[in-house]
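Here is the structure we will look at.
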Amino acid sequence: MDYFPLFCRLQGKRCLLVGGGDVAERKARLLLEAGADLHVGALDFSAVFQQWAEQGKLRLLPGSFEESWLEGCWLVIAATDDDAVNQKVGDAAELRRIFCNLVDAPQEASAIMPSIVDRSPLMIAVSSGGRAPVLARLLREKLEAMLPQHLGQLATLAGSLRSRVKKTFASMAQRRAFWERFFASDRLAQTLANGDQPRADHIVDTLFDAPLSLQGEVVLVGAGPGDAGLLTLKGLQCIQQADVVVYDRLVSEPILNLVRRDAERIFVGKQAGNHCVPQSQINQLLLEQAQSGKRVVRLKGGDPFIFGRGGEELEVLAQHNIPFSVVPGITAASGCAAYSGIPLTHRDHAQSVRFVTGHLQQHGEIEWGKLAAEQQTLVFYMGLTQAPEIQRQLLQHGMNAETPVAIVQNGTTPQQRVETATLVELSQLAQQFASPALIIVGDVVSLRSQLRWF
Ligand code: SAH
């Protein structure tokens, strides 16, 4: 161990920062957040420093470094752009046994500053001992992505609940189970962040009251259209906390690889030759898994509320009082449009966009007259087999035969395939494609020739 990790309390303690530029500014921000009595010495100060001084947040010491500045200091940071000056500050601090950090020469300093993930009061510090700051930063970014934003508020609440937990639960195992549920509760974290105290109290009470083993919940998570990078941060956090992940065909392999290793995975999609698991059976499965106390993630392609039957699944859970939440995803239309260079709206071409199901019969009457109107973009989901009917109806309702159309298959993935044509050629074009594919109809399609990038 080259460095001893330590968190120190700086509230009201005098600290010296030498330097008045950008780098010093970043250090100053942290020291101020920690409540230090900050003195900043430099030849010149940025406007931000001047402002902080005017607001009484810190004291400025104009001029070249003087040893007297070190008087009474607990910590020194040298952050000028002059190595010789930084070194001089470091040497002077060393003589007086004051810990000192040097910005550009961390290994010569008596103190180094870690990369931090701040979910106060929870604080994570990462350091490579000054050897690989980029690695430390990368790690920090990973942790940043993994940890819910509101974790700090949970930690604060946890502090105030400790004695109640001790009184309520006799065994260590019960207490641990309680805390695991507590910290995994995204609903609770979100409620705290919203400042909704009565509801937060209620959630906490249910955690205490209900038998712990029965506190299951379901999170409906949108996995996006394919590219794992399009999963939301919250979606990632959910699949990394899940006990069970129930997923279907449209959830891509790279996203499944992000699921917590020891989570159970249940596939409910259509496999070659087999039929889909009926919706009622999926609803039942989610219910049973949650009732057995598990944290269930129902992972769906795209956005769960867009042609995803997410609503139907939640209705069943609501009827049985199973707590649930929803994490939206990037829907196929957004993903495919972006990755094929077709803006869904454009001031010159389309003022609105419609997402339409291609399962024409199953979803009641379609108002073709409205769909055929000008200055809008149509995106058909699940539309390949009905392409001839879509073409026929749009033409019959007056849409221009030369209107550009595009079909996007496996959008956002390395297998993405995009072809364009005109409305009269749509049904012919559709024959060359396989599911999952989207049909985009409208003048915006013509922009692709200029805007394709993927
Ligand atoms: N909830 C999903 C849609 C489910 S319906 C969402 O919001 O995206 C399934 C249809 O979505 C497919 O038939 C196809 O039309 C479309 N789709 C989903 N992923 C796609 C992809 N990567 N590329 C093209 N179309 C896709």
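Residues 1 to 454, numbered by UniProt numbering, are exactly what the sequence shown covers, in order.
We put the beta carbon where it would ideally sit given N, CA and C, even for glycine.
Residue i versus residue j: straight-line alpha-carbon distance, rounded
i	j	result
residue 53	residue 60	7 Å
residue 444	residue 342	6 Å
residue 44	residue 349	53 Å
residue 456	residue 387	Here the chain has residues from 1 to 454 only, and residue 456 is not among them.
residue 409	residue 275	22 Å
residue 171	residue 58	49 Å
residue 300	residue 186	19 Å
residue 80	residue 103	8 Å
residue 161	residue 385	58 Å
residue 130	residue 4	13 Å
residue 453	residue 374	27 Å
residue 233	residue 146	7 Å
residue 309	residue 56	57 Å
residue 285	residue 209	25 Å
residue 383	residue 242	33 Å
residue 247	residue 133	38 Å
residue 198	residue 39	43 Å
residue 188	residue 204	8 Å
residue 113	residue 96	20 Å
residue 263	residue 2	37 Å
residue 302	residue 418	18 Å
residue 230	residue 338	11 Å
residue 456	residue 48	Because the chain is modelled from 1 through 454, residue 456 falls outside the range shown and cannot be assessed.
Residue i and residue j closer than 7 Å at C-beta
i	j	result
residue 15	residue 31	yes
residue 42	residue 20	yes
residue 126	residue 144	no
residue 327	residue 235	yes
residue 10	residue 36	yes
residue 169	residue 175	yes
residue 228	residue 266	no
residue 268	residue 277	yes
residue 391	residue 427	yes
residue 366	residue 406	no
residue 371	residue 298	no
residue 237	residue 148	yes
residue 89	residue 18	yes
residue 244	residue 294	yes
residue 332	residue 438	yes
residue 139	residue 119	no
residue 429	residue 377	no
residue 200	residue 191	yes
residue 74	residue 13	yes
residue 404	residue 449	no
residue 158	residue 121	no
residue 84	residue 99	no
residue 335	residue 222	no
Nearest neighbour of residue i, chosen from the options [CA to CA]
i	options	result
residue 340	297, 253, 415, 299	415
residue 329	349, 304, 243	304
residue 27	77, 440, 394, 39	77
residue 369	381, 383, 399	399
residue 86	70, 65, 69, 95	65
residue 360	424, 389, 12	389
residue 320	310, 312, 308, 287	287
residue 181	135, 377, 190, 217	217
residue 253	82, 413, 205, 84	413
residue 136	250, 115, 421	115
residue 282	121, 442, 316	316
residue 93	105, 124, 69, 247	69
residue 357	346, 380, 338, 351	380
residue 25	1, 51, 8, 2	51
residue 352	442, 1, 338	442
residue 123	107, 153, 311, 101	153
residue 397	418, 423, 419, 417	423
Distance cut-off 6 Å: residue i Cβ against heavy atoms of the ligand SAH
i	result
residue 336	yes
residue 121	no
residue 248	no
residue 194	no
residue 232	no
residue 303	yes
residue 408	yes
residue 308	yes
residue 24	no
residue 382	yes
residue 411	yes
residue 331	yes
residue 437	yes
residue 225	yes
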